[in-house]
Each structure stands twice: as structure tokens, then as C-alpha cells.
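One structure below.
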Ligand code: ZN
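In the numbering used here, the protein residues as written are 28 to 385.
Laid out in C-alpha cells, this is it:
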């Protein structure tokens with residue numbers, strides 16, 4: 028049963044396409060595997076989210092049926108630049124991106140109107156108002172894009188509207204932070220010339236730039252170039268958990284000054300003050316991050332970015348069906364209905380409208 032007491036949630040990040048392609052499970056059937064499918068979303072009041080196209084390294088192509096195990100493996104393999112695979116080629120990344128984007132388009136087509144890939148903020152709002160599950164086509168890492176930006180034009184026409192320049196590794200455009208803990212996010216170089224061109228092109232045609240995973244220097248390079256609000260779809264407060272995946276107060280100040288948004292990441296390793304990958308993590312820690320994000324960004328700058336299907340959730344939350352527990356914990360901490368509505372979905376709708384222009 029959806030919980031009518033809480034506003035519908037639109038979520039800033041999931042790896043559900045990876046889970047669907049990796050396990051073969053159906054988006055339309057309730058599963059015990061992973062975190063998101065349509066039945067569990069309806070149960071938890073999840074109305075949609077950013078669906079990531081994420082390309083696994085060719086050296087790393089075993090089936091990943093368990094998101095907890097996948098997260099633990101990634102934390103180890105990508106814990107340091109020295110243990111990461113070399114940057115992948117376009118010959119691997121482009122067909123994989125086609126396969127993953129096609130998975131989403133098939134879900135939309137087979138949904139009989141229950142699922143829609145949204146291309147404008149107005150479409151997103153319409154879906155949230157009418158109980159249509161809204162999918163936003165996002166790339167987590169620009170590996171499938173050629174530096175001439177031909178693929179970008181084609182994917183844009185297909186519905187691609189949000190781009191993380193890099194995951195926690197290196198590509199032709201930018202570099203991401205390894206998962207070491209504790210660490211500052213200042214762990215490598217910023218944007219290449221191709222990366223700067225890519226930011227300008229995304230500004231021009233209406234693709235949101237996502238700053239989660241990027242090095243601190245890359246963050247400041249985007250801040251210097253971009254004409255749009257700064258957004259990190261799934262990152263937490265570095266002052267609470269000193270992971271390089273989280274944002275320092277100085278970075279949060281820059282997000283606030285740009286009118287941007289940060290989505291709370293539910294991964295225990297980015298939530299816990301000790302950085303441990305343990306599901307035995309109380310929901311109060313999530314609200315501690317929210318409190319700090321709201322203090323720095325204001326209530327209009329904070330949203331949710333679960334990392335469902337790509338990370339280890341707190342055991343009490345479990346999966347998309349557990350969303351009301353987080354919203355309850357927020358209400359217990361003193362968040363009123365208007366604040367809950369903004370964090371649950373309205374801040375995403377606002378910043379996407381400002382970024383896309385429609
Ligand atoms: Zn991520």
C-alpha cells in the first residue's frame with residue numbers, strides 16, 4: 028500500500044538498469060533481489076528517478092546478481108587509482124550504453140502507460156501528479172560519448188537528459204575519486220579540454236551535469252565553466268562522513284550559491300562516520316546528513332539520491348518499499364510537510380526545469 032501520508036518520492040540515482048540486465052529480473056514483478064521494481068516502488072511511494080546507464084569495465088563483466096556484493100567489490104577494486112582497470116574504449120562502452128538504454132525503452136513500451144521516460148520538467152510533474160512512474164535517462168560516466176560529441180546529439184534525441192562526467196575512475200573527459208576512507212575529495216586532476224567542451228555543450232542543449240564522483244578539482248572546473256545550477260545527484264556531507272564521495276562545506280557553499288541541489292545517498296559507506304560497509308546503520312545517521320545539507324544549502328537545495336541497486340542500504344530501509352521509514356524519521360526530526368515535499372521531489376523538479384529550460 029502506498030503511504031498517503033507522505034509526498035511521492037522522485038529519486039536522484041539508481042543502478043536498476045544494471046540490476047535488470049545483470050539478473051534478468053522483470054521490472055514489473057516484485058523481486059527479493061535488488062532494491063527497485065514497480066511493485067516495490069508502488070508500495071513505498073517511489074514515483075520515479077534518475078536511471079543510470081553505467082558501463083562496467085570489460086575486465087569486470089561477471090554477472091552481478093547481488094548489489095551488496097557488487098558494492099563491496101567496487102569499493103575494493105576502485106579503492107585506489109593503482110588497482111583500477113585502465114580506461115575503457117568507446118568500442119566497448121558505446122554498444123553497452125545502447126543495450127542499457129534499450130532496456131529502459133523496452134520497460135517503457137511494455138508498461139502499458141504505467142512508466143514514462145521524461146524529457147521535460149513538465150512531463151516529470153505530470154507523471155508525479157498522475158501516478159505514472161517517471162524515468163530520467165542518466166549516464167553515470169561519459170565513457171559512451173565520443174569527443175566529437177556525435178553520440179551525445181543522438182542520445183539527447185532519444186531522451187538522455189543528465190550526465191555524470193565520470194564515475195570513480197578516469198575517462199577522456201574527467202577523473203573520479205577512488206573510494207578510499209577517510210579522504211578529502213581532492214584526489215586527482217580536473218577536466219580535460221574535451222571535458223570542458225562537453226560541459227559547454229550540455230549547458231547549450233539542456234543536459235544536466237552531475238558532480239557526484241568527480242574529483243574536487245573537476246568540481247571547481249565545472250563551477251568555473253557551467254552557467255547552470257551545480258548538482259550532485261547522490262553525495263553526502265563530508266563533515267559527517269569523510270568519504271571522498273561526499274561534499275566538503277566549501278563545495279556545499281558553491282552549490283548553494285548556484286541555486287543547485289544535492290541528493291542524499293543511502294549507501295552506508297558514505298553515511299557512516301566510520302566509513303564501514305555495514306548495513307547495521309540507523310536511519311538517524313541519514314537524517315544527520317540531511318540536517319547538515321539543509322543547514323548549508325537551505326531547504327530548496329536538498330533532495331534524495333538513494334543509489335538503489337548499486338549500494339548497501341541500511342537494513343531498516345532495505346529497498347524502495349522502505350521509503351516511508353526514512354520519511355518518518357525525517358518527520359520525527361521536525362521536518363514539516365512542505366519541507367518533506369521539497370526534499371521528496373519538488374527540488375528535483377525545480378532544478379531540472381531551471382537546467383533544461385522547460
Ligand atoms: Zn554512483
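Even glycine gets a Cβ: it sits at the ideal position worked out from N, Cα and C.
Counting only runs that start and end inside the region 283–358, the beta strand (DSSP E) elements of at least 3 residues fall at 288–291 and 329–331. By the neighbour-count criterion, in which a residue is buried when 16 or more other Cβ atoms sit within 10 angstroms of its Cβ, residue 280 is exposed. At a cut-off of 7 Å, the beta-carbon of residue 337 counts as near the ligand ZN: some heavy atom of the ligand is closer than that.
Cβ contact annotation for residue 110 (same chain, cutoff 7 Å, sequence separation greater than five): 104, in chain order.
Taking 8 Å as the cut-off, the Cβ atoms of residue 114 and residue 198 count as close. A direct Cα-to-Cα measurement between residue 172 and residue 290 gives close to 25 Å.
Rounded to the nearest angstrom, the gap between the Cα atoms of residue 160 and residue 329 is 22 Å.
Note that the C-beta distance between residue 149 and residue 385 is below 8 Å. Taking C-beta atoms as the reference points, residue 256 and residue 382 count as a pair closer than 8 Å.
Within the model, the alpha-carbon separation for residue 87 versus residue 274 is close to 28 Å. Taking all protein chains shown into account, residue 305 has fewer than 16 neighbouring C-beta atoms within 10 Å of its C-beta and is therefore exposed. For residue 67, the CB contacts under 7 Å within the same chain, skipping 5 residues up- and downstream, are 57, 346, 347 and 348 in chain order. Residue pairing by DSSP puts residue 142 in a beta bridge opposite 160. Annotated three-state conformation of residue 237 is strand, per DSSP. When DSSP assignments are scanned along the region 107–141, the uninterrupted stretches of alpha helix (DSSP H) that are 4 or more residues long and fall wholly within it turn out to be 117–137. DSSP, reduced to helix, strand and coil, places residue 39 within a strand of the structure shown. Rounded to whole angstroms, the gap between the alpha carbons of residue 244 and residue 34 is 36 Å. In this chain, the beta strand (DSSP E) harbouring residue 80 covers 73–80. For secondary structure counted as the alpha helix (DSSP H) over 4 or more consecutive residues, the region 257–287 holds these complete runs in sequence order: 276–284. Only buried fits residue 371, as 16 or more other CB atoms lie within 10 angstroms of its CB. Straight across, the Cα-Cα distance linking residue 144 with residue 137 is about 12 Å. For residue 239, the distance from the CB to the nearest heavy atom of the ligand ZN is below 7 Å. According to DSSP, residue pairing for residue 202 in a beta bridge involves 197. As a beta-bridge residue in DSSP terms, residue 166 pairs with 80 and 190.
For residue 276, same chain residues with a beta-carbon under 7 Å away, outside a window of 5 residues either side, are 266 and 323 in chain order. Between the alpha carbons of residue 230 and residue 134 lies a distance of about 29 Å. The C-alpha of residue 368 is placed about 30 Å away from the C-alpha of residue 53. Taking all protein chains in view, the Cβ of residue 157 is surrounded by fewer than 16 other Cβ atoms within 10 Å, so the residue is classified as exposed. With a cutoff of 7 Å, residue 334 counts as near the ligand ZN, since its C-beta is closer than that to a heavy atom of the ligand.
Between the ligand ZN and residue 167, a heavy atom-to-CB distance of less than 7 Å is present. The beta carbon of residue 356 sits closer than 8 Å to the beta carbons of 310, 311, 313 and 314 from its chain, once the five residues preceding and following it are set aside; these are given in chain order. Per DSSP, residue 60 is not a residue of any alpha helix (DSSP H), being assigned neither H nor E. Counting the other Cβ atoms within 10 Å of the Cβ of residue 251 gives fewer than 16, which makes it exposed. Taking each of 47, 170, 272 and 118 in turn and checking the Cα distance to residue 82, the smallest one comes out for 170.
Closest by C-alpha distance to residue 221, out of 202, 376 and 174, is 174.
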